[in-house]
Every structure is written in structure tokens, then in C-alpha cells.
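Undergrad:
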Amino acid sequence: MSDKQDFIFESLQDTQTIKGYLESILEGLEKGKIILRSNGEEICLEPANLVKLGIKARKKGTTRKLTMKLSWKEEKGVTISSIKQLDIVN
1 MSDKQDFIFE SLQDTQTIKG YLESILEGLE KGKIILRSNG EEICLEPANL VKLGIKARKK
61 GTTRKLTMKL SWKEEKGVTI SSIKQLDIVN
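Residue numbers (this note's numbering): 1 to 90.
#1: Measuring CB to CB, does Leu26 end up less than 7 Å from Ile34?
#2: Comparing alpha-carbon positions, which option in Val51, Ser11, Gln85 lies nearest Glu75?
#3: Grab me the residues of Tyr42's own chain with a C-beta within less than 8 Å of its C-beta, minus the 5 sequence neighbours each way, in chain order.
#4: Would you kindly work out how many angstroms separate the C-alpha atoms of Gln16 and Glu10, rounded to a whole number?
#5: Taking the continuous beta strand (DSSP E) assigned at Ser24, which residues delimit it?
#6: Identify whether Ile43 lies in helix, strand or coil by the three-state DSSP scheme.
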């Protein structure tokens, strides 16, 4: 029996709506629980204390793309092996 569960959501939204989604994710990170729901599907994630952050940005022609990835393992006793600094300027 597989313990894999996927949740995929894609939709064209205005920036205020996206800001609300990001704020909800931040709140979930602080509380240690993120629940995603859409069209009758649901997934509950419980982020660890240490979360890997990946950010990718691309410009190609008239298209712009920003991808953010958060990942973690459900393990205890994980320590930071390397710290990298990221500056986000607006």
C-alpha cells in the first residue's frame, strides 16, 4: 500500500488572492500544520522545524515564472548542514 498522496492546484488569480494564499501558508508554517483543499480534495501537511527552500526564477520572451518549493522530511534530530543567504528586494 502506497503512502503517496498528491494535491495539485493551478489557477489564474489576481495578486491580492495570491498574497492571501501565501499568508495562509506562512501561518501554517508557524502553527506546524498546512491544510490544502480544493474541489473535494484535501491534504494535510505538518512541516518540520527545518524546511528546505528552493526558489527558481525565469524570464523567457514575454513570460515570467517564479517557482517556490518547500520540502522537509518527517524525521527527528535533523540539523542544519549549510546555511545560504537569500535577499529578496521589492
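Just so it is clear, CB atoms sit at the ideal spot from N, CA and C, and this is done for glycine as well.
TA: In short:
#1: The residue given as residue 26 occupies position 26 in the sequence shown. The residue given as residue 34 occupies position 34 in the sequence shown. Contact: no.
#2: As a working note, residue 75 is residue 75 in the sequence shown. Taking only the C-alpha atoms, the option nearest Glu75 is Val51.
#3: One-based indexing of the sequence shown puts residue 42 at position 42. Residue identity differs from the one stated: residue 42 is Glu in this sequence, not Tyr. Excluding residues within five positions, the ones whose Cβ falls inside 8 Å are Phe7, Ile35, Leu36.
#4: Taking the sequence shown and counting its residues from 1, one reaches residue 16 at position 16. Taking the sequence shown and counting its residues from 1, one reaches residue 10 at position 10. Roughly 16 Å separates the two Cα atoms.
#5: Taking the first residue of the sequence shown as position 1, residue 24 is located at position 24. Where Ser24 is concerned, there is no enclosing beta strand (DSSP E), although the alpha helix (DSSP H) it sits in stretches over 15 to 31.
#6: Mapped onto the sequence shown, residue 43 falls at position 43. In the structure shown, Ile43 sits in a strand (DSSP, three-state: E or B).
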